[in-house]
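This report refers to the structure that appears directly beneath it.
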Amino acid sequence: MIPRISKATVASFLTLILIGTIVLSLPACTSGEGRLSLTEALFTATSAVCVTGLVVVDTPTALSGFGQAVVLLLIQLGGLGILTLGTLVMLSVRGGADLEARLFVRETHGSSRLLGPLSLLRRVVGLTVAFEVVGAMLLFLRFGFSDPQGWGLSAAWDAVFHSVSAFCNAGFALRTNSLEAYRGDPIVNAVVMVLIVAGGLGFLVLSEMIHFAAAGRGRRQWWRLSLHTRLVLVTTVLLIVCGATFFAFFEAGNALAHASPAEKLFAPLFFSVTCRTAGFDTVSTGSLTAATLVMALLLMTIGASPGSTGGGIKTTTAATLALYAWSRMRGRRSPEAFGRRIPGDQVAKALATFSAFAALVFVAGLGLQIAEVGLVAHRAATDHYLDHLFEIVSALGTVGLSTGLTATLSTAGKLVLIVLMFVGRLGPLVVGASLIGQRHPAPREYPAERILIG
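So the sequence shown is numbered by the working numbering: it starts at -6 and just counts up by one.
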């Protein structure tokens, strides 16, 4: 079942990227004369479909209104597609058989009947539209104050674009400096952060939380939530708080040196949230300290949660690996959390996911260094290694943050990022499964023999 779903997922995303590339290559998509080059159109389409946010052309100035609408449509289709297909893949992996997957959907949604793919799609679309509409309405009220035309079509378009981009964790903005003009604005910061976090939690978690709240269950019944939801929520809060704390410490004498009290409050929180695959910024990424960028690499690697619009190795993967390491140090074989044990096959999948991500970062780092620097002595080359590493993890984690290097890369370098965005969006294991035929149980097992580890 998994290879079939994986192949359909890969084929659908490739088709959407191809169509997006063709449309964005049209002269009608640019604001001035001429058109986007094939590389620029392919990069923009891939970044939009894979909801990454890395750009090689300035979205508000280089693209016409039609071009911006095409990008928004690609973001929405890409976000909805991965939200639905990602949920189905996750359910099939967790449930095994189709009936078990449907039963799991029924339990998490609080439904009295089994849900099929169409029912799941309707719920995904309904929840997505609800968040995006409410977000757009709130942003419209705020943008109307700063827009010269007031609460007109310009403010409405800005609100819709940024609401969809935020919920889909895309990071595309209609301002050259992203959201830096709203660094201390409580409304824009709060709305965008809520949309990013909601889109990054995953449909199953959101559905279970809504059902939990509708049933009137209080904090004392927290244990009734599934282990998956509890791990996602705890890990998400922990990452946001720790990321914001370290950002405030690392940037106290740099980006926040002359900031207002509101900016000192919102900038660390926003950066911690957006690092987990959103891609917006209220502080120029290129102006941050090296320590902050290294911390951002960790947040971008972990990313969002399974079945969401975000990327990365996922919060549950990071939590499982941390719990597994802790359990081994305590002499226990399996990781445990909230009175539950995580099965060994899921630990193995977490290890495989992290290993694949790390291997891709290494291979892409080698390729990008060769493409951009060449085979010259290290001392003779301009030291851009941290910038290159940041671009790689940002692309593979579908984050979209950049130190300003993306547009300056060579064609070969941009192609490396295109591949990383695609693989990172679907997941290395999904892409790998699509390249493998139908899996069959091994006809035999060889004798086991222990080796030395560590």
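Just so you know, even glycine gets a beta-carbon here, dropped at the ideal spot from N, CA and C.
Nearest to residue i by CA position, among the options, is which residue?
i	options	result
P20	K257, A34, F383, L9	A34
F36	R28, G27, E26, L47	L47
L402	G360, V3, G195, E442	G360
F243	L382, S253, L410, L286	L286
A364	F383, G397, A405, F347	A405
R168	D51, L9, G324, F350	D51
L114	D151, H381, L73	L73
H417	A388, T399, A400	A small correction: the amino acid at residue 417 is Gly; His does not occupy that position in the sequence shown. The option with the nearest alpha carbon to G417 is A388.
How many Å lie between residue i and residue j at the Cα?
i	j	result
F240	P440	51 Å
I180	G192	18 Å
P299	K307	6 Å
A330	V356	34 Å
S30	T23	11 Å
R135	I68	23 Å
A207	R217	14 Å
Y378	R321	35 Å
I295	T282	21 Å
P261	E442	50 Å
V392	L220	26 Å
S327	A341	11 Å
L199	G272	22 Å
A248	S280	7 Å
Q339	L232	22 Å
S348	G390	14 Å
V16	Q61	11 Å
G305	A149	32 Å
K507	A41	Outside the displayed range of the chain (-6 to 447) lies residue 507, so it cannot be described from this structure.
F6	G71	8 Å
Around the C-beta of residue i, are 16 or more other C-beta atoms found within 10 angstroms, so that it is buried, or is it exposed?
i	result
G367	exposed
I444	exposed
F138	exposed
E438	exposed
H251	exposed
N170	exposed
A201	Before going on, a small fix: residue 201 reads as Glu here, not Ala. Classification of E201: buried, given that the 10 Å Cβ count is 16 or more.
L9	buried
T2	buried
L419	buried
T45	buried
T54	exposed
I335	buried
V323	In the sequence on display, residue 323 carries Arg and not Val. So R323 counts as exposed.
Would DSSP call residue i helix, strand or coil?
i	result
E33	helix
T282	coil
G13	helix
A330	strand
T391	coil
T45	coil
L291	helix
L146	helix
L218	coil
T450	Examination of residue 450 is not possible in this model, given that the chain is present from -6 through 447 alone.
T270	coil
Stretch pair the stretch 126 to 136 + the stretch 223 to 242: three plus CB contacts closer than 8 Å:
A contact is defined here as three or more CB-CB pairs under 8 Å, and the stretch 126 to 136 fails this definition with respect to the stretch 223 to 242.
Hey, is the stretch 271 to 279 in contact with the stretch 308 to 327, meaning 3+ C-beta pairs nearer than 8 Å?
Not touching, per the Cβ criterion.
Are at least three pairs of beta-carbons, each pair with one atom in the stretch 288 to 304 and one in the stretch 331 to 342, less than 8 Å apart?
Short answer: they don't touch.
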